[in-house]
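Working notes, beginning with the structure itself.
Numbering (the numbering used here), first residue to last: 4 to 271.
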């Protein structure tokens with residue numbers, strides 16, 4: 004018996020047929036142990052190309068998942084996920100941290116848990132206030148971004164153009180962690196950064212401006228580094244006010260007189 008699937012409107016007939024067949028097979032194989040199906044990857048975000056496959060997370064009870072393994076094919080990847088794994092939130096920097104964004108904005112095709120599965124999927128890609136603090140402060144992503152940005156500025160000041168460009172480019176991943184943590188979201192994979200910013204904008208960071216700052220930083224544009232610092236400092240002040248602490252603004256202030264270089268080419 005075909006389960007009641009909720010299929011995104013943008014899927015092609017061939018994709019829809021493949022997903023129905025997958026659901027039928029898993030229901031036949033697992034019965035009540037099949038808890039749900041989630042569509043990730045490009046197809047789940049309406050940005051598939053002719054080269055894209057279907058990435059489907061098959062959520063099973065722990066006992067059933069222990070007997071299954073992920074199956075890859077050119078058309079469909081069936082990624083087995085146990086209920087416990089879905090409910091487990093990997094901390095930043097851990098082995099499974101990067102897997103969390105695979106759930107971001109991913110359509111739930113089938114939820115046989117009365118909504119608990121859908122809520123767990125959303126939670127994977129969200130950061131609690133405590134998790135955001137951990138990314139920004141305890142895991143040093145804010146301080147790390149300032150460090151690379153500062154190194155780019157000192158290299159530029161001292162006439163080391165290549166070194167300045169390398170540090171400016173290396174600062175970008177740290178910056179993106181900061182930008183998304185401040186708004187309580189897991190940073191997207193690079194492949195999906197423009198898509199996420201355009202379909203789910205980040206408060207305080209106009210999409211084209213943020214993408215422009217990223218591109219200019221990758222190009223070694225020192226002005227972009229300074230412009231980004233002003234935005235980061237403002238965003239951190241608003242974040243601290245919302246959180247009721249001063250941890251991010253204190254971290255920035257801890258750089259002392261070295262911050263002068265962010266304001267003037269001749270400082271520091």
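Note that the Cβ used here is the ideal one computed from N, Cα and C, for glycine as well.
Pairwise C-alpha distance: residue 249 and residue 232: 17 Å
Sequence-distant residues of its chain with Cβ nearer than 6 Å to residue 8 (five each side left out): 26, 112 and 113
Residue 186 and residue 206 closer than 7 Å at C-beta: yes
Through-space distance from residue 160 to residue 45, alpha-carbon basis: Here the C-alpha atom of residue 45 lies approximately 42 Å from the C-alpha atom of residue 160.
Proximity winner among 92, 29, 122 and 140, relative to residue 72 (alpha-carbon distances): 29
The beta strand (DSSP E) enclosing residue 185, as first and last residue numbers: DSSP places residue 185 outside any beta strand (DSSP E); the residue lies instead in the alpha helix (DSSP H), whose first and last residues are 164 to 185.
Given residue 85 as reference, the closest of 157, 61 and 101 once Cα atoms are compared: The shortest C-alpha separation from residue 85 is found at 61.
Alpha-carbon spacing of residue 170 relative to residue 151, whole angstroms: 5 Å
Proximity of residue 43 and residue 123 at Cβ, strictly below 7 Å: no
Beta-carbon separation (whole angstroms), residue 33 vs residue 67, contact threshold 8 Å: 5 Å
8 Å contact criterion, which residue 156 and residue 235 should meet: CB distance rounded: The pair is not a contact, with the Cβ atoms about 14 Å apart (cut-off 8 Å).
Straight-line gap, residue 215 to residue 35 (C-alpha atoms, nearest Å): Rounded to whole angstroms, residue 215 and residue 35 show a C-alpha spacing of 49 Å.
Counted within 10 angstroms of its Cβ, other Cβ atoms place residue 270 as buried (16 or more) or exposed: Residue placement at residue 270 cannot be trusted, given a pLDDT of 47 that sits under 50; what the coordinates show is reported in the next sentence. The residue in question, residue 270, is exposed, as its Cβ has fewer than 16 Cβ neighbours within 10 Å.
Reference residue 47; option with closest CA among 59, 98 and 94: Measuring C-alpha to C-alpha distances from residue 47 to each of 59, 98 and 94 identifies 59 as the nearest.
Proximity below 7 Å, CB of residue 138 to CB of residue 184: yes
Exposure label - residue 189; buried when at least 16 CB within 10 Å: Here residue 189 is buried. Its C-beta has 16 or more other C-beta atoms within 10 Å.
Coil, strand or helix - residue 108 by DSSP: coil
Euclidean distance between Cα positions of residue 146 and residue 154: 12 Å
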